[in-house]
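Asks: The sequence shown lines up with residues -2 to 178 when you count with the working numbering.
Using N, Cα and C, we set each Cβ at its ideal position, and we do this for glycine too.
These figures come from a predicted structure and were not determined experimentally.
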Amino acid sequence: MQLRAHLRTVNRHRRLVRQYCFRLGLYWQGLTHDLSKYSPTEFLRSIRYYQGFRSPNDAERQATGVSRSWLHHKGRNRHHFEYWIDYCLQPDGSVQMGGCKMPKKYVAEMLCDRIAACRVYQGEKYTPASAYDYYQRSKDHILIHAETSDLLDRWLLLVKEQGEEAALASIRRELQQDPQY
-2 MQLRAHLRTV NRHRRLVRQY CFRLGLYWQG LTHDLSKYSP TEFLRSIRYY
48 QGFRSPNDAE RQATGVSRSW LHHKGRNRHH FEYWIDYCLQ PDGSVQMGGC
98 KMPKKYVAEM LCDRIAACRV YQGEKYTPAS AYDYYQRSKD HILIHAETSD
148 LLDRWLLLVK EQGEEAALAS IRRELQQDPQ Y
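1. Taking M94 as part of the beta strand (DSSP E), name the residues at either end of that continuous run.
2. Would you mind stating whether V7 and A113 have Cβ atoms separated by less than 8 Å?
3. Among D175, L165, Q177, which has the Cα closest to the Cα of L21?
4. Relative to the alpha-carbon of R5, which residue among D83, G95, Y118 has its alpha-carbon at the smallest distance?
5. Quick check on the DSSP output: the beta strand (DSSP E) that includes L32 runs from which residue to which?
6. Which complete alpha helix (DSSP H) runs does the region 40 to 119 hold, if anything under 4 residues is left out?
7. Along the alpha helix (DSSP H) that carries Q133, what are the first and last residues, could you check?
8. Assuming E132 and L149 form a contact by the criterion Cβ under 8 Å, report the distance between their Cβ atoms to the nearest whole angstrom.
9. State the CB to CB distance for the pair G72 and Y80, rounded to an integer number of angstroms; the pair is presumed to be in contact (CB under 8 Å).
Okay, structure coming up:
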């Protein structure tokens, strides 16, 4: 029962992210998004802690004090800001633990990931403001590079104010101007 329900959730999430990434021209990222969720480390724990209305990582963390599934996942998926936490070079030349600046294409995939996660977990309660509102509740207590945070915030606000269709078209144009695209 939980195996089928979790697999359905993961597949639906990946399908949505793929559709959003394709609309941004991020075809490889859309195809390879979250493949680590099928690894034994993530998949078996996620079945065990599956609830359907939130990430199994939250339930695992609540039950054991740490989510081994999440530690595995965030270390393999560049669209998570946690992947980019490292000792970062500061403007004065010193090195400090923090969030390093993410390439735009991974911020774009993170945007797609957040929209898709909200759609999957909120169901009919989803609105174009969902991902923006979720980010607003967390952004002041996470280790994310300021420019990365500002970019994600701006893009999520576009989705909230203009809707997915117009926002994704605008973001795609912006990405096409990025030399790393």
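Replies: In terms of the structure at hand:
1. 92 to 96
2. no
3. L165
4. Y118
5. Neither: L32 is in no beta strand (DSSP E) and is coded neither H nor E.
6. 53 to 61, 65 to 71, 101 to 119
7. 127 to 135
8. In the sequence on display, residue 132 carries Tyr and not Glu. Contact flag correct, Cβ pair sits at about 7 Å.
9. 7 Å
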